[in-house]
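Engineer: Before I ask anything, here is the structure I am working with.
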Amino acid sequence: MPQYTDTQIMEIASHFRYAPVPVSCKELKSGNVNVTYRLDVDPADKSKSYILQRINTVAFKDPDALMENIRLVTRYIKDAYAAKGQDPARRVLDFIDAENGTLLYREADGSCWRSYRYVDDVTAYDRIESADLFREAGRGFGEFQTMLSAFPADRLTETIAGFHNTPARYGVFLEKIAEDPAGRVAALTDEIAFFKARAGMMRGIVDRLADGTLPLRVTHNDTKLNNVLLDNATGKALCVIDLDTVMPGSSLYDYGDAVRYGACTAAEDEPDTSKIGFDMELFRAFTDGFVSTTAGSLTDTEIRLLPLGIAVITCELAMRFLTDYIDGDKYFKINYPEHNLVRARAQMKLLCEVEAALPEMNAFVEGML
Ligand code: GN1
Ligand code: MG
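The working numbering numbers the first residue of the sequence shown as 19 and each following residue consecutively.
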């Protein structure tokens, strides 16, 4: 990943139509894929700040189509709030035009940038211990999905083909094992066996979408806890961010990924796997929030299968981290050489905890029907 100087960032910023114009910048390090800066008009008043982000074009091959998706989705949500008589400000990301009138600025070196208004006085939690706040996160993601329930899915481009097609990702995993491009496979016998033993369960969502047991919906597909902003003043979910992967999918992806991340008792990349557990109280709170805001739109089958969604998505991400490790760390940003392996092992441990909790979780969702 190239590093940028402040001068370079401010030069890139000069290609957007800001009013007022930002004067300084600061790198934000939270995402694993895109490179993100905050641009300040007045460092003492962040209500006027912006986010400037470089789109990772290794992950997102068609940034124009991606920004068109985002334009359509944000406009749709804005109109929906306005139609309900609610102010859309701070409820949906507000993108800034680049000098060419589109939402995308391309540098001479081909790098692609976009910018939106920073939402101030909110918290994007990396860890959550409060069940009430996690219930709110569930409401936020549930509301997002509900707001898009009538959005015409055929207008959206699939920004990453087969993003949550877990069996297809398993196929890539097997290919990378055969290729062994970084010479790392020999040391990974146990890890590889772990995923081979789960090849069947990885089909759990995709097969049910294919046979119509689960409906195809417009979903967010990347519902990490820090992708929903909670209002500092009220503690309520305000705005869902990171809209790069909004595309047709399953409600189980959004629900499952959020619980995977938020109900874990340690960080996603915790090296000490003995610290990794699954918090049932947080699971119940999130499920309550998510189901209450999607009420009426989720089918009984979807509600029954929510716990399976957690297991499939945790397995998928564990395998994606291991695949990237085997591939020589080409996709996820890493902070140290073994980072992807540590992430994979952490998610494998979490998956074991999730699998052990499945009977209790299934009983809980059955009680919601
Ligand atoms: C990536 O960009 P970020 O950090 O929100 C990834 C997700 C993973 C997540 C794991 C486009 O999300 O799918 O769940 O890392 N996003 C993409 O931390 O691959
Ligand atoms: Mg993301």
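Backbone N, C-alpha and C define an ideal beta-carbon position, used for all residues, glycine too. Model, not experiment: these values are computed from the prediction.
1. Which stretch, first to last residue, makes up the beta strand (DSSP E) that contains Lys44?
2. Quick check on the burial criterion: 16 or more other C-beta atoms within 10 angstroms. Buried or exposed for Leu376?
3. Relative to the alpha-carbon of Phe159, which residue among Lys254, Met379, Ala62 and Gln365 has its alpha-carbon at the smallest distance?
4. Considering just the uninterrupted stretch of the alpha helix (DSSP H) at Val330, what are its terminal residues?
5. Name the one or two DSSP bridge partners that Phe213 has.
6. From the DSSP output, which residues share a beta bridge with Gln71?
7. Just the C-alpha distance for Glu154 and Tyr143, rounded to the nearest angstrom, thanks.
8. If you drop the 5 nearest sequence neighbours on each side, which residues of the same chain put their C-beta closer than 7 angstroms to that of Ala251?
9. Give me the Cβ distance between Gly222 and Leu326, rounded to the nearest whole Å; I'm assuming they're in contact under 8 angstroms.
10. Looking at C-beta atoms only, is the number of pairs between the stretch 115-123 and the stretch 30-39 that lie closer than 8 angstroms three or more?
11. Please tell me whether Phe152 and Ala303 are closer than 7 angstroms, where the distance is taken between their beta carbons.
12. So the candidates are Lys79, Asn87, Ile27 and Arg363; which of them puts its Cα closest to the Cα of Pro289?
13. Unbroken alpha helix (DSSP H) runs of length 4 or more, entirely within the stretch 152-239: which are they?
14. Bridge partners of Leu84, per DSSP?
15. With respect to the alpha helix (DSSP H) encompassing Gly307, which residues constitute its N-terminal and C-terminal limits?
16. Per DSSP, which one or two residues make a beta bridge with Asp115?
17. Secondary structure at Asp249, three-state DSSP: helix, strand or coil?
18. Comparing the CB of Lys242 with every heavy atom of the ligand GN1, is any distance shorter than 6 angstroms?
19. Is it the case that the CB of Asp260 approaches a heavy atom of the ligand GN1 more closely than 6 angstroms?
20. Kindly indicate which residue of Thr207, Asp225, Ala100 and Gln26 has the alpha-carbon position closest to the one of Asp127.
21. Leaving out five residues before and five after Ser315 in sequence, what residues of the same chain have Cβ atoms less than 7 angstroms from its Cβ?
22. My guess is that Val59 and Val39 are in contact by the Cβ rule of under 8 angstroms, so how many angstroms apart are they, rounded?
23. Three or more C-beta pairs under 8 angstroms: does that hold for the stretch 170-184 against the stretch 306-323?
24. Can you tell me where the alpha helix (DSSP H) holding Pro377 begins and where it ends?
25. Grab the span of the beta strand (DSSP E) containing Ala256 for me, first residue to last.
26. Using only the alpha-carbon positions, how far apart do Thr312 and Ala107 sit?
27. Let me know if Gly267 comes out buried or exposed under the rule of 16 or more other beta-carbons within 10 Å of its beta-carbon.
28. Got a sec: does the ligand GN1 put a non-hydrogen atom nearer than 6 angstroms to the Cβ of Val53?
29. If I'm right that Ala200 touches Ile352 with Cβ under 8 angstroms, what's the distance once you round it to whole angstroms?
30. Tell me whether the beta-carbon of Leu369 lies closer than 7 angstroms to the beta-carbon of Thr317.
31. Once the 5 residues before and after Tyr99 are set aside, which same chain residues still bring their CB inside 6 angstroms of it?
32. Would you say the beta carbon of Ala77 comes nearer than 6 angstroms to a heavy atom of the ligand GN1?
Structural biologist: To lay it out plainly:
1. Taking the first residue of the sequence shown as 1, we reach residue 44 at position 26. Segment Ser42 to Leu46, the beta strand (DSSP E) holding Lys44.
2. Within the sequence shown, the letter at position 358 stands for residue 376. Exposed is the call here.
3. The residue given as residue 159 occupies position 141 in the sequence shown. Closest by alpha carbon: Lys254.
4. Sequence index remark: in the sequence shown, residue 330 carries index 312 (1-based). From DSSP, the alpha helix (DSSP H) with Val330 extends over Asp318 to Ile344.
5. Your numbering for residue 213 matches position 195 in the sequence shown. Looking at the DSSP assignment, Phe213 forms no beta bridge with any residue, so it has no partner.
6. Here residue 71 corresponds to residue number 53 of the sequence shown, with the count starting at 1. According to DSSP, which records beta bridges pairwise, Gln71 is partnered with Thr54 and Arg132.
7. What you label residue 154 is simply residue 136 of the sequence shown in a count that begins at 1. What you label residue 143 is simply residue 125 of the sequence shown in a count that begins at 1. Near 12 angstroms, if we compare the C-alpha coordinates of Tyr143 and Glu154.
8. Position 233 of the sequence shown, counted from the first residue, corresponds to residue 251. Here the set comprises Asp139.
9. If you number the sequence shown from 1, residue 222 lands on position 204. If you number the sequence shown from 1, residue 326 lands on position 308. Right, the Cβ-Cβ distance comes to about 5 angstroms (below 8 angstroms), so this counts as a contact.
10. yes
11. By one-based count along the sequence shown, residue 152 stands at place 134. By one-based count along the sequence shown, residue 303 stands at place 285. In contact: Phe152 and Ala303 (Cβ atoms closer than 7 angstroms).
12. Taking the sequence shown and counting its residues from 1, the one referred to as residue 289 is at position 271. If we check each option's Cα against that of Pro289, Arg363 comes out closest.
13. 184-197, 207-214 and 224-228
14. Translated into positions along the sequence shown, residue 84 becomes position 66. Leu84 pairs with nothing; no bridge assigned.
15. For the purposes of this step, residue 307 is taken as the residue at position 289 of the sequence shown. Where Gly307 is concerned, the enclosing alpha helix (DSSP H) stretches over Met298 to Thr311.
16. For this step, residue 115 is matched to residue 97 along the sequence shown. In DSSP, Asp115 forms no bridge with anything.
17. The residue given as residue 249 occupies position 231 in the sequence shown. Note: Asp249 maps to strand in three-state DSSP.
18. What you label residue 242 is simply residue 224 of the sequence shown in a count that begins at 1. Yes, the Cβ of Lys242 comes within 6 angstroms of a heavy atom of the ligand GN1.
19. To locate residue 260, count along the sequence shown from 1; it is residue 242. Asp260: yes, Cβ under 6 angstroms from the ligand GN1.
20. Along the sequence shown, one-based indexing puts residue 127 at 109. Taking only the C-alpha atoms, the option nearest Asp127 is Gln26.
21. The residue you call residue 315 lines up with position 297 of the sequence shown. So the qualifying residues of the chain are Thr164 and Ser167.
22. The residue you call residue 59 lines up with position 41 of the sequence shown. The residue you call residue 39 lines up with position 21 of the sequence shown. Contact flag correct, Cβ pair sits at about 7 angstroms.
23. no
24. Translated into the one-based positions of the sequence shown, residue 377 becomes position 359. His357 to Glu384 is the span of the alpha helix (DSSP H), which, as asked, contains Pro377.
25. On the sequence shown, residue 256 is found 238 positions in, with the first residue counted as 1. Here residue 256 is Leu; the residue named in the question, Ala, does not match the sequence. That run of the beta strand (DSSP E) goes Ala255 to Val258.
26. In the sequence shown, residue 312 corresponds to position 294, counting from 1. In the sequence shown, residue 107 corresponds to position 89, counting from 1. Straight-line Cα distance between these residues: approximately 23 angstroms.
27. As a working mapping, residue 267 is identified with position 249 in the sequence shown. Buried.
28. Mapped onto the sequence shown, residue 53 falls at position 35. Checking every heavy atom of the ligand GN1 against the Cβ of Val53, none is found closer than 6 angstroms.
29. Here residue 200 corresponds to residue number 182 of the sequence shown, with the count starting at 1. Here residue 352 corresponds to residue number 334 of the sequence shown, with the count starting at 1. That belief does not hold up - the Cβ atoms of Ala200 and Ile352 are roughly 13 angstroms apart, past 8 angstroms.
30. Counting from 1 along the sequence shown, the entry for residue 369 is found at position 351. Counting from 1 along the sequence shown, the entry for residue 317 is found at position 299. No, they are not a contact pair.
31. As a working note, residue 99 is residue 81 in the sequence shown. For Tyr99, where only same-chain residues beyond five positions count, the Cβ hits under 6 angstroms are Pro106 and Arg109.
32. Translated into positions along the sequence shown, residue 77 becomes position 59. Yes, the ligand GN1 has a heavy atom inside 6 angstroms of this Cβ.
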